[in-house]
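Each protein sequence line maps, in turn, to chains P and C. Just so you know, we're using this note's numbering here: the first sequence kicks off at 263 and counts up by one. Just so you know, we're using this note's numbering here: the second sequence kicks off at 38 and counts up by one. Built from N, CA and C at the ideal position, the CB exists for glycine as well. Keep in mind the model is a prediction, meaning the values are calculated, not measured.
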Amino acid sequence: MSTPVIDTEGLTKLFGRHRGIEEVTFTVEPGEVFGFLGPNGAGKTTTIRALLDLIHPSAGSARLFGLDSRRDSVAIRARLGNLPGDFGYGRQSSGREALRLLARLRGVEGTGRADTLAARFHADLDRPLGQLSRGNRQKVGLILATFHEPELLILDEPSGGLDPLMQEEFLALVAEERERGCTVFVSSHDLDEVQRVCDRVGMVRDGRLIAVEWMAELLGKARRRVTVRLADGARPEELRSMPGVSDLETGDETVSFKVAGDLDPVIKALAAHHVTDLEAVHPTLEEVFLGYYQGQGPR
Amino acid sequence: MSSQLGALVAAHLSDRRRSLLAWGLPLGAMSAFIVAIFPSVESSISKLVEKYPSGLKEAFGIGELSSVEQYLHAEMLSLIVPLALGYLAVRAVASGLAGAAETGRLDVLLSAPVSRRRLCAAGFLATAAELAAVLLITGLITGLGSLLAGAGLEAGPAAEGFANVWPLALLFAGLGVVACAFSLRTSVVTGAVAGVLVAMYVIDLVGKLDPSLDWVRYASVFKYYGNAIQEGIEPLAFCGVLVAAAVLAGLGSWLFDRRDISG
Numbered sequence: 263m264s265t266p267v268i269d270t271e272g273l274t275k276l277f278g279r280h281r282g283i284e285e286v287t288f289t290v291e292p293g294e295v296f297g298f299l300g301p302n303g304a305g306k307t308t309t310i311r312a313l314l315d316l317i318h319p320s321a322g323s324a325r326l327f328g329l330d331s332r333r334d335s336v337a338i339r340a341r342l343g344n345l346p347g348d349f350g351y352g353r354q355s356s357g358r359e360a361l362r363l364l365a366r367l368r369g370v371e372g373t374g375r376a377d378t379l380a381a382r383f384h385a386d387l388d389r390p391l392g393q394l395s396r397g398n399r400q401k402v403g404l405i406l407a408t409f410h411e412p413e414l415l416i417l418d419e420p421s422g423g424l425d426p427l428m429q430e431e432f433l434a435l436v437a438e439e440r441e442r443g444c445t446v447f448v449s450s451h452d453l454d455e456v457q458r459v460c461d462r463v464g465m466v467r468d469g470r471l472i473a474v475e476w477m478a479e480l481l482g483k484a485r486r487r488v489t490v491r492l493a494d495g496a497r498p499e500e501l502r503s504m505p506g507v508s509d510l511e512t513g514d515e516t517v518s519f520k521v522a523g524d525l526d527p528v529i530k531a532l533a534a535h536h537v538t539d540l541e542a543v544h545p546t547l548e549e550v551f552l553g554y555y556q557g558q559g560p561r
Numbered sequence: 038m039s040s041q042l043g044a045l046v047a048a049h050l051s052d053r054r055r056s057l058l059a060w061g062l063p064l065g066a067m068s069a070f071i072v073a074i075f076p077s078v079e080s081s082i083s084k085l086v087e088k089y090p091s092g093l094k095e096a097f098g099i100g101e102l103s104s105v106e107q108y109l110h111a112e113m114l115s116l117i118v119p120l121a122l123g124y125l126a127v128r129a130v131a132s133g134l135a136g137a138a139e140t141g142r143l144d145v146l147l148s149a150p151v152s153r154r155r156l157c158a159a160g161f162l163a164t165a166a167e168l169a170a171v172l173l174i175t176g177l178i179t180g181l182g183s184l185l186a187g188a189g190l191e192a193g194p195a196a197e198g199f200a201n202v203w204p205l206a207l208l209f210a211g212l213g214v215v216a217c218a219f220s221l222r223t224s225v226v227t228g229a230v231a232g233v234l235v236a237m238y239v240i241d242l243v244g245k246l247d248p249s250l251d252w253v254r255y256a257s258v259f260k261y262y263g264n265a266i267q268e269g270i271e272p273l274a275f276c277g278v279l280v281a282a283a284v285l286a287g288l289g290s291w292l293f294d295r296r297d298i299s300g
């Protein structure tokens, strides 16, 4: 069994009277793209800063590559790339100056694939960062995080400020990094982005990790919205009492309801009627996420 | 010096390259002006100074003003240059740590395999180099002013006078590292340490003005500053202050390693 790339146990950070994170426990396996979901202030960035040893946990522990996040911080950081939320480096410096310094600090010969990435993201590495828009600064931050081909990428709200085309390019890059064998830990509140690239997601609310789920299972477990058009205008009230069926609404010719789990009993019950159309829609991650936030479970 | 430390010091100096001239040129110009006008004001100044109370003359290091070196010490090296360089020192250190935290640069640097202690050491060493460069520029311009005006400033004593400012200013760089362990706001760090700088100067002044309060001068680094342009550098005081600066920087980096760096 391989060592998890990230392994936290009861990770807690309290800021005086203010809540940071409490009892956060999860693992991220090698080669996985793990999404860390939550609204602003939920504790995503605090968790990342604890992983990077920027803040010290009040309790619990974090291990990266099997190494202690506090004691072995320097060795850990040699193997990762990090894009901080709201990336900044100072107004006067250019991306290339930052790149050269980071390459020297990492002991990397040259600046690796930085120029290739800059061309791909249309990033200007030679202008002072103070003259760049937020999105263009973010591109430079992404290049600084990835140019050395790290084993682990930690990305905090990575696509903030990127235009839709660049967001697509970013998602393609994440997929390529996974192909390369890189593990990716991405914190986001862009649920569409997470749904498209992540294998698993962890959801944080009020500083606590409330769920860790495989993306496919999470969406599969969630209730589908089924809309049926019946030729005879029937009102299949028997559906209302079926296990897993909820929110049944009837119109002139349509019946819509939500179903959790197996669809077979519903199909068999509908077979008694003349069905002219049937549509089953899987919920988006956003709906699932809101379900967790409103009712502690997939809806 | 390790490759990482060298890279960080070079980056710090590159960021602050403008400050070398921004501080060195005006201080040098002012010192050169003081030196250049000395031949024309020498006689009147001496007569004026004779009338000053002895305590006041001692407090401000005026004493006799019969030479250009004495005049340079009284006008520049006893007050303006040490206070300016002390302030520059804390500004330089604060920009490398607190300023880096404010711009987000610290997060980026600490994503690389570099320890916080090394970052602090780099900030301190870069500040030491920056101070030395500013003092060198100031000294060279002063020498040039003397040469052009025929003031006869002796190079050796003048060099000692400017060099003697270096450990004193560096002590405030060390204090700046300590302050960064408690606050990562440039304005707070600069304000706090600049306050200590002025307070130490005032304490030393009070001790000099009132002999019964001479003991308070032990609380001020200015007690060990002396008058190197006339009396030469006192090696024990010079090295002692330098060691104290390094100890403060070491303590600061130890504390900095233990603090949270919040985003």
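If I'm right that C:Leu50 touches C:Glu167 with Cβ under 8 Å, what's the distance once you round it to whole angstroms?
About 7 Å; that satisfies the 8 Å criterion.
How big is the Cα-Cα spacing for P:Leu532 and P:Val466?
If you take the alpha carbons of P:Leu532 and P:Val466, they lie about 39 Å apart.
Tell me, please, whether the CB atom of C:Pro150 is closer than 8 Å to any CB atom in chain P?
Chain P places a beta carbon closer than 8 Å to that of C:Pro150, counting this residue as a contact.
Measuring only the C-alpha atoms, how far is C:Glu15 from C:His110?
Chain C is shown only over 38 to 300; residue 15 of chain C falls outside these bounds and no answer can be derived.
Chain C contacts from the segment 396-429 of chain P (Cβ-Cβ distance under 7 Å):
Residues Leu406.
For P:Arg389, which residues of its own chain have a beta-carbon under 7 Å away from its beta-carbon, when the five flanking residues on both sides are left out?
Its chain contains Ser356 as the residues whose beta carbon lies nearer than 7 Å to that of P:Arg389, once the 5 sequence neighbours on both sides are disregarded; these appear in chain order.
Between P:Lys520, P:Glu499, P:Ala542 and P:His451, which lies nearest to P:Pro301 when the distance is taken from Cα to Cα?
Checking every option, the nearest Cα to that of P:Pro301 belongs to P:His451.
With distances taken from CA atoms, which of C:Arg154, C:Lys84 and C:Ser81 is nearest C:Asp294?
It is C:Arg154.
Considering only the alpha carbon of each residue, which of C:Leu58, C:Leu134 and C:Ala73 lies closest to C:Leu184?
The option with the nearest alpha carbon to C:Leu184 is C:Ala73.
Counting along the chain, where does the beta strand (DSSP E) carrying P:Arg440 start and finish?
Taken as a continuous stretch (DSSP letters only), P:Arg440 belongs to no beta strand (DSSP E), being part of the alpha helix (DSSP H) at Pro426 to Arg442.
Quick one, are the C-beta atoms of C:Thr223 and C:Ala135 less than 8 Å apart?
In contact: C:Thr223 and C:Ala135 (Cβ atoms closer than 8 Å).
Thinking C:Tyr124 and C:Ala231 are a contact (beta carbons under 8 Å), I'd like their distance in whole angstroms, please.
That belief holds up - the Cβ atoms of C:Tyr124 and C:Ala231 are roughly 6 Å apart, short of 8 Å.
Verify the CB distance criterion: does C:Gly123 have a CB-CB separation below 8 Å to chain P?
Taking Cβ atoms only, chain P never reaches closer than 8 Å to C:Gly123, which makes this a no.
Contact set for P:Arg470: own chain, Cβ-Cβ below 6 Å, skip 5 residues either direction
Result list for P:Arg470: Glu284, in chain order.
Determine the chain C residues that contact P:Val436 at a beta-carbon separation under 8 Å, and present them in chain order.
Against chain C, the beta carbon of P:Val436 has no neighbour under 8 Å; the closest one sits roughly 18 Å away.
Per DSSP, P:Asn344 is paired with what?
The partner list for P:Asn344 (beta bridge, DSSP) reads P:Ile416.
Hey, C:Gly289 and C:Val225: beta-carbon distance below 8 Å or not?
The criterion of a C-beta distance shorter than 8 Å is not satisfied by C:Gly289 and C:Val225.
Start-to-end residues for the beta strand (DSSP E) that takes in P:Ala473:
Where P:Ala473 is concerned, the enclosing beta strand (DSSP E) starts and stops at Arg470 to Trp476.
Please list, in chain order, the residues of the segment 125-147 of chain C that have any C-beta partner in chain P closer than 9 Å.
Here the close residues are Gly136, Ala137, Glu139, Thr140, Gly141, Arg142, Leu143, Asp144, Val145, Leu146 and Leu147.
Relative to the C-alpha of P:Phe288, which residue among P:His280, P:Gly278, P:Leu273 and P:Ile338 is closest?
Nearest Cα to P:Phe288 within the set P:His280, P:Gly278, P:Leu273 and P:Ile338: P:Leu273.
The beta strand (DSSP E) with C:Leu292 in it runs from where to where?
No beta strand (DSSP E) contains C:Leu292, which is instead part of the alpha helix (DSSP H) from Pro272 to Arg295.
DSSP beta-bridge partners of P:Pro390
P:Pro390 pairs with P:Ser356.
Please state the DSSP three-state secondary structure of C:Ala59.
Here DSSP, grouped into helix, strand and coil, assigns C:Ala59 to helix.
Does the pairing of the segment 545-556 of chain P with the segment 500-507 of chain P give three or more beta-carbon distances under 8 Å?
Result no; under three Cβ-Cβ pairs closer than 8 Å.
Taking only runs of the beta strand (DSSP E) that begin and end inside the segment 280-311 of chain P, which ones reach a length of at least 3 residues, in chain order?
Listed in chain order, the beta strand (DSSP E) elements of length 3 or more contained wholly in the segment 280-311 of chain P are 280-290 and 295-299.
So, is C:Leu156 buried or exposed, given that buried needs 16 or more other C-beta atoms within 10 angstroms?
With 16 or more other Cβ atoms within 10 Å, it is buried.
Mark C:Cys276 as exposed unless 16 or more other C-beta atoms lie within 10 angstroms of its C-beta, in which case mark it buried.
So C:Cys276 counts as exposed.
C:Ser199 and C:Leu181: beta carbons closer than 8 Å?
One detail in the question is off: residue 199 of chain C reads as Phe in this sequence, not Ser. In this structure, C:Leu181 does not lie closer than 8 Å to C:Phe199 by Cβ.
Presumed contact (8 Å Cβ cut-off) between P:Leu540 and P:Glu515, rounded CB distance:
P:Glu515 and P:Leu540 do not touch by the CB rule: their CB atoms are close to 13 Å apart, not below 8 Å.
First and last residue of the beta strand (DSSP E) that includes P:Phe447?
DSSP places P:Phe447 inside the beta strand (DSSP E), whose first and last residues are Thr445 to Ser450.
Using a Cβ-Cβ distance under 8 Å, would C:Gln267 count as near chain P?
Chain P contact via Cβ: absent.
Put P:Leu329 into one of helix, strand or coil per three-state DSSP.
Here P:Leu329 sits in strand by DSSP.
Would you grab the beta carbon distance between P:Leu314 and C:Ser148 for me? Rounded to a whole angstrom, and I think it's under 8 Å.
About 7 Å; that satisfies the 8 Å criterion.
What are the partner residues of P:Asp539, as DSSP defines its beta bridges?
Answer by DSSP bridge pairing, in chain order: P:Arg491.
contact_flag[the segment 417-426 of chain P, the segment 398-406 of chain P] where n(CB pairs < 8 Å) is 3 or more
Using a C-beta cut-off of 8 Å, the segment 417-426 of chain P makes contact with the segment 398-406 of chain P, since at least three inter-stretch Cβ pairs fall below that distance.
Compare the C-beta of P:Phe551 against all C-beta atoms of chain C and say whether one is closer than 8 Å.
When Cβ-Cβ separations below 8 Å define contact, P:Phe551 makes no contact with chain C.
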